[in-house]
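Residue numbers (our numbering): 893 to 1382.
Ideal placement from N, C-alpha and C gives every residue a C-beta, glycine not left out.
Because the structure is a prediction, the values reported are computed rather than measured.
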Amino acid sequence: MQSRAAGSTTDPRSASDSGSDWTDITPESCERPGNSSDIVTTSRGSGDHVDFAYISQSSNSPSNRRRRPRGQFRTTEQREKTSATRKMRACLRCRMQRVRCEIDDSDPSGVCKTCRNIMKPTIHKLPCVRWILTDCALYRIADLGYTHRWLDWKMTDISDWESEEIRVSNMRCTLLPSFSIPIKFRRFVPREGDLMRRSWYDNKEKRSISVTPYAIASMSETANELSTVMDEKMFDYLHDAVANTDKFIYNTYAFARQHIKRTTVKEEGVLMRNVLRICFAVHFSGGSAYLEGDDTLDIPLATDPSYNLCGKVPYPPIADTQLDLILFSKFYQPLQKLILDGLSKLVMSNKPQYWTTIYLVTFMLLHNCSVLTWDRYRHARKHGTKERYTLPRFVENLHRGANILLAHYHYYKGDMHLPEIDWKQRHTIRLAHLSPPEFGFFIRSTELVKEKEDHIRICLEYDSWEDELYFVSQMFEKDWSPRELFKSPE
C-alpha cells in the first residue's frame, strides 16, 4: 500500500496557518438572509451544561420548499394500498421518481409492481430496495463492558469521589497520531463491576496490566474542550490520520478540504463539515487510547512486548466509557441526523450541481465504515475471540448502511460511469458544470482506482471488509448491485 509523508499534500492551501478552517462551523450567530428562523447560536456553556449547535439545512432551500398537498383518495382500495406502502416503505426508485410504489400482494417484500413494469432484460437496473438513508449506522454504540454505571447511557458525572484533587493528563489515541487533549481526572471509589485493568491475549494466554481508579472529573467540560479542538484543528488531525493511507483515500480527503472552501452553497458546506466532524470522532474513538505527559495518574508504563501499547501508559477503562458517553450524547447523535437528513435532501433532489458534494460525502462515510470495521476486527484479535468481529450486530448494521449509501449513490449517478467518461467532451454530459479542479480530481481518482484493480478484485472476491478500499471502490462499479456482507452469528 502506498503511503504519504505526514507533511506532504496535494492541496496548496492545506498547510496550517493562524486561522482555522473550522471557525465557521459553530459561529456565535449565523443568519441566512430573508429567514430569521435560521439564526443559529452557540453557547460554550460551563459546569454541567453544554449547548452544541450544529448548523442544519435552511428551511428555505429548494429541497425544503412546501410541496403541493396531496388530493383525497378516490377509492378505499387506493387508501389501503397507500397505507400498506407506508408500512412497507416505497422503494428507492419510486421515491426518487416520485411515483406510486405498488406492492405485489403475492410477494410483499419482493420487487414492487411499478419496478417490474419498467424492467427490461437488456437494461441493467438497480434492485428494488426499500432502503432509506436515515437507516444507516455511522458510529459505534454499545456497552464496552468496563462498568455497570450509566446503564441509561446518560452523560452523568460520577458522584462517589475518593478525593477532591484534580489531576491533568494528556490523552492520545492511535488513529489520530498528532492529536492530544488535556483532560482533568479525579480519583473515585470503585464499585463492583468497575474494570481496573487493561487486558489482551498473547497466543491464547490472557494478560493484563492494572490501572488506578481515575475518571474524568467533568464530562461536560471535557465535551467543551473536544468541541473546541474540532472547531480549530480538525483538518490538521485528519490530514495526519490519513497521511499513511492509500493515495486514493488521502487525495479524496485533501480535495474535500478544498471543496469546502470553494462551495458557494451553504447547505453543501455545512453537510461536508458535519461529515468531517463525525470522521474525526470515529478516528478519536477507534484504535487504542493512552496517557502522556508529566502526570500519568500513577499508572505504570506497559512493558510487555505483546501489548499493542508497549512503552505507553494505558488509558483508564472507566474514563474510556465516559468518552463514549460524551461522543454519543454531544456529537454522534446530533451529527448523524443532520448528515443523513442533509445527504438525503441532496440525493432526492436529483440535481447534477450537487454531484461533487454527494460523491465526497458518500466516499467519506463509506471510508468511515471501513475504519469502524477494521477497529472491531483489531479488537477481536486483541481479546482472543474466535469471532471475526467484536460487537457483531453493530458490524452487520454498519455494513447494511454501506449498502444503503451505495444504492442511493448509484441511483443518483444513473448510467454515468466515471471510468468511461470522455472528459474531453465534458461539456456534453451531466457534469458539464464542474470546475477545472473538480474534473481534474475525478480524472485522477479514476486513474488511482484503475491502478488498484488487482488489489480491489481480491478484496471483493475474498470479502476483505476491513480493507480501506473495499467499500469506496464500489462507487466505481458500472453495474453495481448490493453484496452479501457480514452477518452476525448472534
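So for S1112, helix, strand or coil by DSSP? Start at 1 with the first residue of the sequence shown, and residue 1112 comes out as number 220. Three-state result, S1112: helix.
What residue range does the beta strand (DSSP E) around D1094 cover? In the sequence shown, the residue the question calls residue 1094 occupies position 202. Here the beta strand (DSSP E) through D1094 covers 1089-1094.
Which first and last residues belong to the beta strand (DSSP E) in which R1078 is found? Sequence index remark: in the sequence shown, residue 1078 carries index 186 (1-based). Counting along the chain, the beta strand (DSSP E) containing R1078 begins and ends at 1068-1080.
Pairing CB atoms from the region 1340-1352 with CB atoms from the region 1232-1251, are three or more of them under 8 angstroms? no
Counting only C-beta atoms, is Y1038 closer than 9 angstroms to chain C at any point? In summary, chain C is missing from the structure at hand, where a single protein chain is found.
Could you tell me whether the region 1040-1057 touches the region 1218-1231, using the rule of 3 or more Cβ pairs below 8 angstroms? yes
Per-residue DSSP class, three states only, for R990: Taking the first residue of the sequence shown as 1, we reach residue 990 at position 98. Coil.
Please classify E920 as buried or exposed, where buried requires at least 16 neighbouring CB atoms within 10 angstroms. For the purposes of this step, residue 920 is taken as residue 28 along the sequence shown, with counting starting at 1. Note that E920 has pLDDT 34, beneath the 50 cutoff, so the model's placement of it is unreliable and no number is given.
Between the C-alpha atoms of V1103 and R1270, what's the straight-line distance to the nearest angstrom? By 1-based counting over the sequence shown, the position of residue 1103 is 211. By 1-based counting over the sequence shown, the position of residue 1270 is 378. V1103 and R1270: Cα-Cα distance of roughly 22 angstroms.
Y1304, DSSP secondary structure in three states: As a first step, residue 1304 is located in the sequence shown; it is residue number 412 there, counting from the start. If DSSP states are grouped into helix, strand and coil, Y1304 belongs with the helices.
Does the Cβ of E1160 have 16 or more other Cβ atoms within 10 Å, making it buried, or fewer, making it exposed? Counting from one through the sequence shown, the residue named residue 1160 turns up at place 268. Buried, by the Cβ-count rule.
Using the rule of at least 16 other Cβ atoms within 10 Å of the residue's Cβ for burial, across every protein chain shown, is V1157 buried or exposed? In the sequence shown, residue 1157 corresponds to position 265, counting from 1. The residue in question, V1157, is exposed, as its Cβ has fewer than 16 Cβ neighbours within 10 Å.
Rounded C-alpha distance that separates N1295 from R1078: Counting from one through the sequence shown, the residue named residue 1295 turns up at place 403. Counting from one through the sequence shown, the residue named residue 1078 turns up at place 186. Rounded to whole angstroms, N1295 to R1078 spans 44 angstroms at the Cα level.
I'd like to know whether the C-beta atoms of R1099 and S1236 end up nearer to each other than 9 angstroms. If you number the sequence shown from 1, residue 1099 lands on position 207. If you number the sequence shown from 1, residue 1236 lands on position 344. Not closer than 9 angstroms, so no.
Euclidean distance between Cα positions of A1146 and T1338: Within the sequence shown, the letter at position 254 stands for residue 1146. Within the sequence shown, the letter at position 446 stands for residue 1338. Going from the Cα of A1146 to the Cα of T1338 covers about 16 angstroms.
Proximity below 9 angstroms, CB of T1265 to CB of L1290: Mapped onto the sequence shown, residue 1265 falls at position 373. Mapped onto the sequence shown, residue 1290 falls at position 398. It is a contact, given that the beta carbons lie within the stated cut-off.
CA-to-CA distance, A1115 to A1272, given in whole angstroms: Working through the sequence shown from its first residue, we reach residue 1272 at position 380. Working through the sequence shown from its first residue, we reach residue 1115 at position 223. Approximately 29 angstroms, taken between the alpha carbons.
Hey, how far is the Cα of L1183 from the Cα of I1101? Against the sequence shown, residue 1183 aligns to sequence position 291. Against the sequence shown, residue 1101 aligns to sequence position 209. C-alpha separation (whole angstroms): 14 angstroms.
How big is the Cα-Cα spacing for K1076 and L1201? Working through the sequence shown from its first residue, we reach residue 1076 at position 184. Working through the sequence shown from its first residue, we reach residue 1201 at position 309. Rounded to the nearest angstrom, the two C-alpha atoms are 22 angstroms apart.
Could you tell me which residues DSSP puts in a beta bridge with L1183? Counting from 1 along the sequence shown, the entry for residue 1183 is found at position 291. The partner list for L1183 (beta bridge, DSSP) reads M1063, V1205.
What are the start and end residues of the beta strand (DSSP E) that includes L1098? In the sequence shown, residue 1098 corresponds to position 206, counting from 1. One detail in the question is off: residue 1098 reads as Lys in this sequence, not Leu. Where K1098 is concerned, the enclosing beta strand (DSSP E) stretches over 1097-1102.
Which residue comes first and which comes last in the alpha helix (DSSP H) that contains N1383? There is simply no residue 1383 to check, as the chain begins at 893 and stops at 1382 in what is shown.
K1153: buried (16+ other C-beta within 10 angstroms of its C-beta) or exposed? Numbered from its first residue, the sequence shown carries residue 1153 at position 261. Its Cβ having fewer than 16 others within 10 Å, K1153 is exposed.
One or two residues paired with A1107 in a DSSP bridge: Numbered from 1 along the sequence shown, position 215 holds the residue referred to as residue 1107. Per DSSP, R1078.
Whole angstroms is fine: what's the gap from L1232's alpha carbon to Q1225's? As a first step, residue 1232 must be located in the sequence shown, where it is residue number 340. As a first step, residue 1225 must be located in the sequence shown, where it is residue number 333. In a straight line, the C-alpha of L1232 is about 11 angstroms away from that of Q1225.
Report the rounded CA-to-CA distance for S1051 versus M1126, giving the unit in angstroms. Looking up residue 1051 in the sequence shown gives position 159. Looking up residue 1126 in the sequence shown gives position 234. Distance between the alpha carbons of S1051 and M1126 is about 32 angstroms.
According to DSSP, residues forming a beta bridge with I1058: Residue 1058 sits at position 166 when you count from the first residue of the sequence shown. According to DSSP, I1058 bridges with R1078.
Which same chain residues, not among the five before or five after E1330, have their C-beta less than 7 angstroms away from its C-beta? Taking the first residue of the sequence shown as 1, we reach residue 1330 at position 438. T1248, listed in sequence order.
Would you identify the three-state DSSP class for W1045, choosing helix, strand or coil? As a working mapping, residue 1045 is identified with position 153 in the sequence shown. Coil at W1045, not helix or strand.
For E920, the three-state DSSP class (helix, strand or coil): If you number the sequence shown from 1, residue 920 lands on position 28. Reliability of the predicted coordinates at E920 is poor, the pLDDT of 34 falling under 50, and the value obtained from them is presented with this limitation in mind. Looking at E920 - three-state DSSP - the assignment turns out to be coil, as it is neither helix nor strand.
When you compare only the Cα positions, how much space is there between S950 and P1206? Looking up residue 950 in the sequence shown gives position 58. Looking up residue 1206 in the sequence shown gives position 314. Any reading at S950 is ruled out, since the residue's pLDDT is 45, under 50, leaving its predicted position unreliable.
Hey, would you say R1149 sits closer than 9 angstroms to H1131, going by beta carbons? Indexing the sequence shown from 1 puts residue 1149 at position 257. Indexing the sequence shown from 1 puts residue 1131 at position 239. The answer is yes: Cβ separation under 9 angstroms.
Can you tell me which of the three DSSP states W1357 falls into? Here residue 1357 corresponds to residue number 465 of the sequence shown, with the count starting at 1. If DSSP states are grouped into helix, strand and coil, W1357 belongs with coil.
Where does I1010 land, buried or exposed, given buried means 16+ other C-beta within 10 angstroms? Your numbering for residue 1010 matches position 118 in the sequence shown. Looking at its Cβ environment, which holds fewer than 16 other Cβ atoms inside 10 Å, I1010 is exposed.
I'd like to know whether the C-beta atoms of V1239 and M988 end up nearer to each other than 9 angstroms. Here residue 1239 refers to the residue found at position 347 of the sequence shown. Here residue 988 refers to the residue found at position 96 of the sequence shown. Contact: yes.
Please tell me whether R1032 and S1180 are closer than 9 angstroms, where the distance is taken between their beta carbons. For the purposes of this step, residue 1032 is identified with residue 140 of the sequence shown, where counting begins at 1. For the purposes of this step, residue 1180 is identified with residue 288 of the sequence shown, where counting begins at 1. Cβ distance not < 9 angstroms, so R1032 and S1180 don't count as in contact.
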